[in-house]
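Written below as C-alpha cells is the structure these notes are about.
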Amino acid sequence: MIHIYTGNGKGKTTAAFGLAMRASGQGMKVAIFQFFKPAKLICGEEVSARKLKNIRVVKCRECHPMFGGQGKAKKAILELVKDAEKAIFGKRYGMVVLDEIINVVDQDFFSSKKFISLLKKSPKKLELVLTGRGDISRIEEYADYVTILVEKKHPFRAKIDARRGVEY
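Numbering-wise (our numbering), the sequence shown opens with residue 11 and increments by one.
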C-alpha cells in the first residue's frame with residue numbers, strides 16, 4: 011500500500027521512521043531513502059534506525075541546491091531515485107520510505123509523470139511511504155493512506171531554535 015505524510019506541520023519524517031521501526035520490529039526489511047536531509051545532520055530517528063538490523067538508511071550525496079549547485083543536486087537526486095527503484099522492485103524489502111520525495115517531485119527534480127508511473131508499477135505487497143511538503147494532487151489518488159500534518163503553533167515562530175532530540 012502507498013502511504014503519504016505531507017503538510018506544513020512537524021512530524022512527517024518522524025511518522026515514517028516510526029512506521030519503519032514498527033515494520034522492523036515485526037521482522038520486515040525496510041529501506042529509507044532521504045532526499046533533502048543534509049548528510050551532516052544526523053537526526054535522532056536515523057541514529058535509532060541504524061541500530062536496527064532490518065533497516066537501511068541511504069542519504070542523498072548533494073541533498074538540495076541550497077547546499078550546493080542545482081545541477082549537482084539534480085544528478086545526485088536522480089541517482090538516489092534509481093537506487094530507490096532497485097529497492098522498490100528488488101523484492102528484498104517489505105517497506106520502502108522515500109523521505110522528502112514529494113518535495114523532489116514538486117520542485118521538478120524528478121518528473122511527476124515518471125513518479126506516477128513508478129507508483130502505478132510498485133509491487134502490491136510493498137508498503138511504500140512518501141513524505142514531504144508540496145502538491146500531492148497528482149499522486150493522492152494512488153495512495154491508500156494520506157495524512158496531512160498541519161502546523162497550528164511551533165516554537166520556531168517565536169525564534170526558538172531547533173532542539174536536539176525534539177526537532178532533530
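Glycine included, every Cβ here is placed at the ideal spot set by N, Cα and C. Just so we're clear, the structure is a prediction, and the values are computed from it rather than from any experiment.
Task: Beta-carbon proximity list for Ala94, same chain, < 7 Å, skipping 5 on both sides - done: To locate residue 94, count along the sequence shown from 1; it is residue 84. Contacts found: Phe43, Val106, Leu108.
Would you kindly check if the distance between the Cβ of Met31 and the Cβ of Leu62 is under 8 Å? For this step, residue 62 is matched to residue 52 along the sequence shown. For this step, residue 31 is matched to residue 21 along the sequence shown. Cβ distance < 8 Å, so Leu62 and Met31 count as in contact.
Below 8 Å on the Cβ atoms is my contact criterion, and I expect Ala41 with Val139 to pass it. Report the Cβ-Cβ distance as a whole number of Å. For the purposes of this step, residue 41 is taken as residue 31 along the sequence shown, with counting starting at 1. For the purposes of this step, residue 139 is taken as residue 129 along the sequence shown, with counting starting at 1. Actually they do not touch by this definition, with Cβ atoms about 10 Å apart.
Quick one, which of Ala168, Pro165, Asp145 has its alpha-carbon nearest Gly17's? As a first step, residue 17 is located in the sequence shown; it is residue number 7 there, counting from the start. Of Ala168, Pro165, Asp145, the residue nearest in Cα terms is Asp145.
- Query: In chain order, what residues of the same chain lie with their CB nearer than 6 Å to the CB of Thr157, ignoring the 5 residues before and after it?
  - Reply: What you label residue 157 is simply residue 147 of the sequence shown in a count that begins at 1. The answer, listed in chain order, is Tyr15.
(request) Could you please give the first and the last residue of the uninterrupted alpha helix (DSSP H) stretch that includes Ala41? (result) Within the sequence shown, the letter at position 31 stands for residue 41. Careful: Ala41 lies outside any alpha helix (DSSP H), inside the beta strand (DSSP E) at 40–44.
Go ahead and label His13 buried or exposed: buried means 16 or more other beta carbons lie within 10 angstroms of its beta carbon, across all protein chains shown.
Here residue 13 corresponds to residue number 3 of the sequence shown, with the count starting at 1. Under this definition His13 is a buried residue.
Using the C-alpha atoms, what's the distance from Ala172 back to Lys39?
The count along the sequence shown starts at 1 and reaches residue 39 at position 29. The count along the sequence shown starts at 1 and reaches residue 172 at position 162. Looking at the two C-alpha atoms, the distance is approximately 31 Å.
Item checked: Cut-off 6 Å between Cβ atoms - residues of its own chain near Arg71, not counting five sequence neighbours on either side -> Numbered from its first residue, the sequence shown carries residue 71 at position 61. Cβ within range, chain order: Ala86.
Can you give me the C-alpha to C-alpha distance between Thr24 and Phe125, rounded to a whole angstrom?
As a position in the sequence shown, residue 24 is number 14, starting the count at 1. As a position in the sequence shown, residue 125 is number 115, starting the count at 1. Their backbone Cα atoms lie some 23 Å apart in a straight line.
Query raised in the report: Under 8 Å between the Cβ atoms of Tyr152 and Lys135?
Result: As a working mapping, residue 152 is identified with position 142 in the sequence shown. As a working mapping, residue 135 is identified with position 125 in the sequence shown. Against a cut-off of 8 Å, the Cβ pair of Lys135 and Tyr152 comes out as no contact.
Could you give the C-beta distance for Asn113 and Gly142, rounded to a whole number, given that I count them as a contact under 8 Å?
-> Along the sequence shown, read from residue 1 onward, the residue named residue 113 stands at position 103. Along the sequence shown, read from residue 1 onward, the residue named residue 142 stands at position 132. Rounded, the Cβ-Cβ distance is 4 Å, consistent with contact.
Per-residue DSSP class, three states only, for Arg5 | Residue 5 lies beyond the stretch modelled for the chain, which goes from 11 to 178, so this question has no answer here.
Helix, strand or coil for Val176 per DSSP? For the purposes of this step, residue 176 is taken as the residue at position 166 of the sequence shown. In the structure shown, Val176 adopts coil according to DSSP, grouped into three states.
- Message: Between which two residues does the beta strand (DSSP E) holding Met11 run?
- Response: The residue labelled residue 11 in the question sits at position 1 within the sequence shown. Run containing Met11: none; DSSP gives neither H nor E here.
Could you check what DSSP says for Leu129 in three-state terms: helix, strand or coil?
As a working mapping, residue 129 is identified with position 119 in the sequence shown. Reduced to three states, the DSSP call for Leu129 is helix.
Cβ neighbour criterion (16 or more within 10 Å) applied to Ile170: Within the sequence shown, numbered from 1, the residue matching residue 170 stands at position 160. Classification of Ile170: exposed, given that the 10 Å Cβ count is below 16.
Exercise. Whose C-beta lies closer than 8 Å to the C-beta of Asp154 among residues of the same chain, with five residues either side of it excluded?
Worked result: Your numbering for residue 154 matches position 144 in the sequence shown. Answer for Asp154: Met11, Ile12, His13, listed in chain order.
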